[in-house]
Amino acid sequence: MHFFSIILPVYNVEKYLSQCVDSILNQNFDDYEIILVDDGSTDNCGEICDFYASNYENIKTVHRENGGLSVARNTGIEIAEGKFLIFIDSDDFYTDNNFLSDVYLAISKHPDADIVNYCWREYYDIDKEFSENKNSYDEFLLANNTTYEEVVKYSINNDMLYPSACSKALRRSFITDNRLFFKQGIVCEDIEWYMRVVPLCDKMIFINSFAYAYRKQRDGSITATISEKNLNDLLDTIELYFNKFVNSQNKVERLLLNYLAYQFVIVCGLLYRLDDKKKKKNCYLRLKKLQSILDYNLSNKVKKIHIIYKLFGLGITTLLLQLYIKYR
Numbered sequence: 009m010h011f012f013s014i015i016l017p018v019y020n021v022e023k024y025l026s027q028c029v030d031s032i033l034n035q036n037f038d039d040y041e042i043i044l045v046d047d048g049s050t051d052n053c054g055e056i057c058d059f060y061a062s063n064y065e066n067i068k069t070v071h072r073e074n075g076g077l078s079v080a081r082n083t084g085i086e087i088a089e090g091k092f093l094i095f096i097d098s099d100d101f102y103t104d105n106n107f108l109s110d111v112y113l114a115i116s117k118h119p120d121a122d123i124v125n126y127c128w129r130e131y132y133d134i135d136k137e138f139s140e141n142k143n144s145y146d147e148f149l150l151a152n153n154t155t156y157e158e159v160v161k162y163s164i165n166n167d168m169l170y171p172s173a174c175s176k177a178l179r180r181s182f183i184t185d186n187r188l189f190f191k192q193g194i195v196c197e198d199i200e201w202y203m204r205v206v207p208l209c210d211k212m213i214f215i216n217s218f219a220y221a222y223r224k225q226r227d228g229s230i231t232a233t234i235s236e237k238n239l240n241d242l243l244d245t246i247e248l249y250f251n252k253f254v255n256s257q258n259k260v261e262r263l264l265l266n267y268l269a270y271q272f273v274i275v276c277g278l279l280y281r282l283d284d285k286k287k288k289k290n291c292y293l294r295l296k297k298l299q300s301i302l303d304y305n306l307s308n309k310v311k312k313i314h315i316i317y318k319l320f321g322l323g324i325t326t327l328l329l330q331l332y333i334k335y336r
């Protein structure tokens, strides 16, 4: 059994796959397995995966029919043998060979932690440049000596609750025992997944490692486009967990209402990306039914939006958010 199982869903990324895998193989820490899940790629990714699996004993390749990111990740979870799971998108890569060592050291210091959160930098594929370290954790979270409820509250209040599966290492038994698999057939799957993960976690810790390079400006990337499905899937998640958490006696679930309000604001701002007026109207009507969620404004950003909403109503607030996101 390895300490880490690193899961790579692979789909039509032949241009980037080797850089991703090599950035793992170059790590100074070597107690890991790599699970390459070829999700029905139609380019040369399948052959690249097989090459790595045939040349490295700690690399497994699984070929399957295309089922999407969630299915590929779930496939990796099911066959993983490591103590901790790490997810990385196969067009991303690590920039620091000490990354796994840093995560291992954090776990060694806090062996009861279920989740280790780390940072990332955006890598702009066209410009070949990295963003600044904008998402670093501050002293409160790095102290790791506060209650879990306080950690969740502080993270939401300071806009530091990041749902991306690629920004954390997770204890495998925590994921499998609680059946915390990714929901299939939706986009924004990380947000839906994290709404189930956070209430069940007992302890999470934070480190300021910026080794993860999140590639942007890539042709064909899921996150490069916003569609009606993107917004409706996110609204489905907001609606589902708003209804579940609003009467909950669980303090962490109640806190997460404030994070859902933040995602509600995101949808309001992205409406301008829908060209079809009918689709935009349908999405707005869904938002209108959920507008009471803005009363949960622990997030600093939502606090400001809530003031505008109280003064001008949802219509003007949504319009202002769209203009801000479009022209910022």
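Under our numbering, the first residue of the sequence shown carries the number 9, and numbering increases by one thereafter.
The beta-carbon is built from N, C-alpha and C at its ideal position, and this holds for glycine as well.
For clarity, every value in this text was computed on a predicted model and none was experimentally measured.
Handout entry: 8 Å Cβ shell around I96 - same chain, five flanking residues per side excluded
Key = I14, I15, L16, C28, I32, Y102, C174, Y220
Handout entry: Simplified DSSP assignment, three categories, for V70
Key = strand
Handout entry: Residues sharing a beta bridge with F101, DSSP
Key = A221
Exercise for the section: Note down, one range per segment and in chain order, each beta strand (DSSP E) of at least 3 residues found wholly within the stretch 102-177. Expected result: 123-125, 128-132
Handout entry: Coarse secondary structure for I14, derived from DSSP in three states
Key = strand
Handout entry: N-terminal and C-terminal residue of the beta strand (DSSP E) that E41 is part of
Key = 40-47
Handout entry: CA-to-CA distance, Q330 to G84, given in whole angstroms
Key = 38 Å
Practice task
Within the same chain, show all residues whose beta-carbon is closer than 8 Å to that of Y60, passing over the 5 residues directly before and after it, in chain order.
Solution key: V29, I42, L44, I67, T69
Practice task
Sort S116, E158, S78 by Cα distance to V195 and report the nearest one.
Solution key: S78
Problem - Touch test, the stretch 147-160 against the stretch 231-249, Cβ-Cβ under 8 Å, three pairs minimum - result: no
Practice task
Sort out for me which residues DSSP pairs L93 with in a bridge.
Solution key: S13, L178
Practice task
May I have the straight-line CA-CA distance separating D120 from D133, to the nearest angstrom?
Solution key: 38 Å
Practice task
Specify the secondary structure class of F250 as computed by DSSP and reduced to three states.
Solution key: helix
Practice task
May I ask you to verify whether the stretch 208-220 touches the stretch 261-273, counting CB pairs closer than 8 Å and requiring at least 3?
Solution key: no
Handout entry: Anticipated Cβ contact below 8 Å, D4 with N74, distance rounded
Key = The chain is shown from 9 up to 336; residue 4 falls before or after that span and cannot be answered.
Handout entry: Where N213 falls: helix, strand or coil (DSSP)
Key = With the sequence shown as reference, residue 213 is identified as Ile, and Asn is not the correct amino acid for it. Here I213 sits in strand by DSSP.
Problem - Where Q192 falls: helix, strand or coil (DSSP) - result: coil
Problem - C-beta atoms of L302 and Y292 nearer than 8 Å - result: no
Practice task
Inspect the CB distances between the stretch 176-194 and the stretch 108-124 and report whether three or more fall short of 8 Å.
Solution key: yes
Exercise for the section: Might you give, ordered along the chain, the residues of its own chain that have their beta carbon closer than 7 Å to the beta carbon of G54, omitting 5 neighbours on each side? Expected result: D46, H71
Practice task
Confirm, please, whether the CB-CB distance from N20 to D39 is below 8 Å.
Solution key: no
Handout entry: Within 8 Å, strictly: CB atoms of F92 and F11
Key = yes
Problem - Beta-carbon spacing of M168, Y202 below 8 Å - result: no
Problem - Minimum C-alpha distance to N153 - residue among L282, K117, L108 - result: K117
Handout entry: Simplified DSSP assignment, three categories, for Y202
Key = helix
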